[in-house]
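Taking it in order: structure first as structure tokens, then the write-up.
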Amino acid sequence: MLVERESSFVFAPSLLWLMTGDRSTAQISRPMTRLERRGIELVRGEVERIDPVKREVVVSGRTMAGDFLVIALGAELAPETIPGLQDAGHNFYTLAGAEGLRDALDGFDGGKLVVLTAAPAYKCPAAPYEAAMLLESACRKRGIRHKTELALFAAEPGPMGVAGPAVSAAVRGMVEARDIGYHPEHQIQEVDAAGRRLKFTNGAEASFDLLAYVPPHRAPRAVRESALAGESGWIAVDRHTLRTWYDDVYALGDVASIPLKLGKPLPKAGVFAHGEAEVVARNIVRSITGKGQPAAFDGGGQCFIETGDGKAGLGRGEFYADPVPVMQLHSPGRLWHFVKVLFEKRWLARF
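For the working numbering, add 144 to where a residue sits in the sequence shown, where the first one is 1.
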């Protein structure tokens, strides 16, 4: 049984291409009802309450219980927690926000284009940096690059910090090589939507004509109000099995918190959710059937880094490596962009 509030699955990595007009909504979406062909019961509704002891959930007023409970509610995007932010720009981490940014970009004829991360921790750590480079490429294609000043204001001290200083410096170099102004450690305090002005906690201010932003993240309300929420505000799990403190209750993906030895949590990214889901599914089947070997998540993952002009890089990492994650960054080229396109097509074809 799958509880889902949305009617369609949206392939989130392609929101960046939707933002620039290189994809349509229909191309990156599939109806959730197609899962029913696989014998999955689909329940549409909002998860209102979770009782991990009883393995019960309340969904739009309906109480349901299971023998196994897998919590994969993701991260809740909360732009309203920054005064003025929601009315000032476009949250390209959502379908509606990416569509709005695409439409705004169509009418943009030059000026100050700003990409902003509103908090230092967010899912898909490469995405804001990809967005800045893809927007720069889009401006060149439209012939307005010479009239456009691009800037990226980041709440974090550097790109993809958990990947290590070498990868962080390389991604920063990619951004700055495209004449995109990069301003790290700029935590947004408030936004003057009418005056199109950003105000930061360090006293700095900046103006904009078009704003694309990544909002603050938090655990969904049902998690925050449950016994599952740990000190971090997210759900603590075993790093290898994704088990919570409660019997037969698992949490995976963005809603789970897995601390690494270097003091930072495992990044919130789709590649990890995918790997974790396979481990959880295999172990639940083993619990029911008594067959097969136990599975363990090893902290391995990779992500594409789109740089524009039909090119992308690829970062690979072993995040459970001791004492720090081991990362490898493949230089941008057309090959990795092509591989990402194939990955997109394969995922959507499975629906």
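Where a beta carbon is used, it is the ideal one built from N, C-alpha and C, also for glycine.
Assign Gly419 to one of three DSSP states: helix, strand, or coil.
helix
At the level of alpha carbons, what is the spacing between Lys435 and Ala263?
One Cα belongs to Lys435, the other to Ala263, and the distance between them is close to 44 angstroms.
Examine the Cβ distances between the stretch 249-263 and the stretch 292-311 and report whether three or more of them are shorter than 8 angstroms.
The stretch 249-263, when compared against the stretch 292-311, does touch it at the 8 angstroms Cβ threshold.
Is it right to say Thr451 is buried, meaning 16 or more other beta carbons lie within 10 angstroms of its own, or is it exposed?
buried
Within 10 angstroms of its Cβ, does Lys267 collect 16 or more other Cβ (buried), or is it exposed?
buried
May I ask you to verify whether the stretch 159-168 touches the stretch 208-216, counting CB pairs closer than 8 angstroms and requiring at least 3?
Not touching, per the Cβ criterion.
How many whole angstroms separate the CB atoms of Leu396 and Ala366, which I take to be in contact at a CB cut-off of 8 angstroms?
Contact flag wrong, Cβ pair sits at about 16 angstroms.
Among the candidates Ser204, Lys455, Met145 and Leu239, whose CA atom is the shortest distance from the CA of Val154?
Val154 has its Cα closest to that of Leu239, out of Ser204, Lys455, Met145 and Leu239.
Inter-stretch contact at 8 angstroms, needing at least 3 Cβ pairs: the stretch 230-244 / the stretch 349-357
yes
Would you mind giving the Cβ-Cβ distance between Arg193 and Val202, rounded to the nearest angstrom? I have them listed as a contact below 8 angstroms.
Indeed, because the Cβ distance is near 4 angstroms, the residues count as touching under 8 angstroms.
Can the beta-carbon of Ala373 be found closer than 8 angstroms to that of Gly228?
no
Ala216: buried (16+ other C-beta within 10 angstroms of its C-beta) or exposed?
buried
Proximity to Leu213 [Cα-Cα], best of Ala265, Leu146, Ala465 and His418:
Leu146
Secondary structure of Phe482, DSSP reduced to three states
helix
If we ignore side chains and look at the alpha-carbon of each, how far apart do Val381 and Arg289 end up?
Their backbone Cα atoms lie some 46 angstroms apart in a straight line.
Count the CB pairs spanning the stretch 464-473 and the stretch 402-418 that are closer than 8 angstroms, and state whether there are at least three.
The stretch 464-473, when compared against the stretch 402-418, does touch it at the 8 angstroms Cβ threshold.
Output yes or no for whether 8 angstroms exceeds the beta carbon distance between Pro157 and Gly414.
It is a contact, given that the beta carbons lie within the stated cut-off.
Cβ-based neighbour list, Gly377, same chain, cut-off 6 angstroms, excluding 5 preceding and 5 following
So the qualifying residues of the chain are Ala363.
To which residues of the same chain is Ala417 closer than 8 angstroms at the C-beta, ignoring the five residues directly before and after it?
Ala216, Leu396, Gly397 and Asp398
Taking the alpha-carbon positions, what's the Ala271 to Leu160 distance?
8 angstroms
For Cys447, three-class secondary structure by DSSP
Note: Cys447 maps to strand in three-state DSSP.
Give the straight-line distance between the Cα atoms of Ala310 and Tyr390, rounded to the nearest whole angstrom.
39 angstroms
Suppose contacts are defined by Cβ-Cβ distances below 8 angstroms. Is Glu349 in contact with Arg341 by that definition?
Yes, the Cβ-Cβ distance between Glu349 and Arg341 is below 8 angstroms.
For Gly287, the nearest candidate out of Pro303, Gly254 and Gly445 (CA to CA):
Gly254
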